[in-house]
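All remarks here apply to the structure that follows.
Below is the structure:
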């Protein structure tokens, strides 16, 4: 794993400055796929319903989610500003199309909306985690609707994306969870203790943006993801 991060660092330092955007995206996708391979994680996807240049709205379980998504399709992400200060990971995020959100500032939020809109206009998928935090994967928390605004203003589709982790025999796995007081180190240790994991991404049918319907759009995206994950009811217990 350390060797892979070193290789990624050298790629960013020596190749990124001279590469066009498409080349960078391809390198990011290959590097993310290599991480999954090292962790013995098999990626399964159903992305037929995912339209290009969409605002992807996903549930959030782990730090691993970003690598899983990038291995399937390289995208830009929106992350909380604190991530920028994380050792190494923050730097990797900053040079890989991450938009950092500083909460509680309306002026900053407007700037973030502009950055997201620019990336959508450039034909990129932008991924947000509207729960604002992680869960253990057996539930989907309330979706905050503010970051859906750029899609409304740009007229771009909102694409719900369901993320889940399983054991090879099809049972739901909690090993990658990164919620509560669980550290990245503890999460990584749990992942490495597994013989193999399956990371599954499933795109739900896209939602058309409706002006002044931001909250309803967020609720519809959450409901679509819950249905795809087999979760129902207010307690979000497995259906």
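In our numbering, the protein residues as written are 10 to 248.
Where is the CB? At the ideal position from N, CA and C, for every residue including glycine.
On the DSSP bridge list, what partners appear for residue i?
| i | result |
| --- | --- |
| residue 55 | 211 |
| residue 149 | Paired residue(s): none; residue 149 is not in a bridge. |
| residue 86 | 107, 136 |
| residue 70 | The partner list for residue 70 (beta bridge, DSSP) is empty, contrary to what the question assumes. |
| residue 6 | Any question about residue 6 goes unanswered here, given that the chain covers just 10 to 248. |
| residue 181 | 175 |
| residue 50 | 206 |
| residue 64 | 135, 167 |
Which two residues bound the contiguous beta strand (DSSP E) that contains residue i?
| i | result |
| --- | --- |
| residue 169 | 167–175 |
Would you say residue i reaches chain B, if we count a Cβ-Cβ gap shorter than 9 Å as a contact?
| i | result |
| --- | --- |
| residue 75 | Looking for chain B here will not work: only one protein chain is present. |
Using 10 angstroms around the beta-carbon of residue i, count the other beta-carbons present and answer buried if the total reaches 16, otherwise exposed.
| i | result |
| --- | --- |
| residue 142 | exposed |
| residue 185 | buried |
| residue 146 | buried |
| residue 83 | buried |
| residue 159 | buried |
| residue 37 | buried |
| residue 246 | Unreliable placement is indicated for residue 246, whose pLDDT of 39 sits below 50; the coordinate value is still reported in the next sentence. So residue 246 ends up on the exposed side. |
| residue 201 | exposed |
| residue 237 | buried |
| residue 61 | exposed |
| residue 195 | exposed |
| residue 204 | exposed |
| residue 128 | buried |
| residue 134 | buried |
| residue 29 | exposed |
| residue 178 | exposed |
| residue 106 | buried |
Under 9 Å, do residue i and residue j count as touching if we go by C-beta distance?
| i | j | result |
| --- | --- | --- |
| residue 139 | residue 168 | no |
| residue 157 | residue 66 | yes |
| residue 219 | residue 161 | yes |
| residue 212 | residue 58 | yes |
| residue 125 | residue 85 | yes |
| residue 234 | residue 79 | no |
| residue 240 | residue 148 | yes |
| residue 64 | residue 166 | yes |
| residue 188 | residue 70 | yes |
| residue 193 | residue 40 | no |
| residue 209 | residue 54 | yes |
| residue 104 | residue 172 | no |
| residue 217 | residue 163 | no |
| residue 87 | residue 109 | yes |
| residue 230 | residue 152 | yes |
| residue 90 | residue 111 | yes |
Assuming residue i is part of the alpha helix (DSSP H), what are its boundary residues?
| i | result |
| --- | --- |
| residue 35 | 30–47 |
| residue 217 | No alpha helix (DSSP H) contains residue 217, which DSSP labels as neither H nor E. |
| residue 309 | Given a span of 10 to 248 for the chain in the structure shown, any question on residue 309 remains unanswerable. |
| residue 194 | 193–201 |
Would the beta-carbon of residue i be found less than 8 Å away from any heavy atom of the ligand SAM?
| i | result |
| --- | --- |
| residue 172 | This structure lacks the ligand SAM, and indeed carries no ligand of any kind. |
Evaluate contact between the stretch 38–50 and the stretch 117–136, counting only Cβ atoms and requiring at least three cross-stretch pairs below 8 Å.
no
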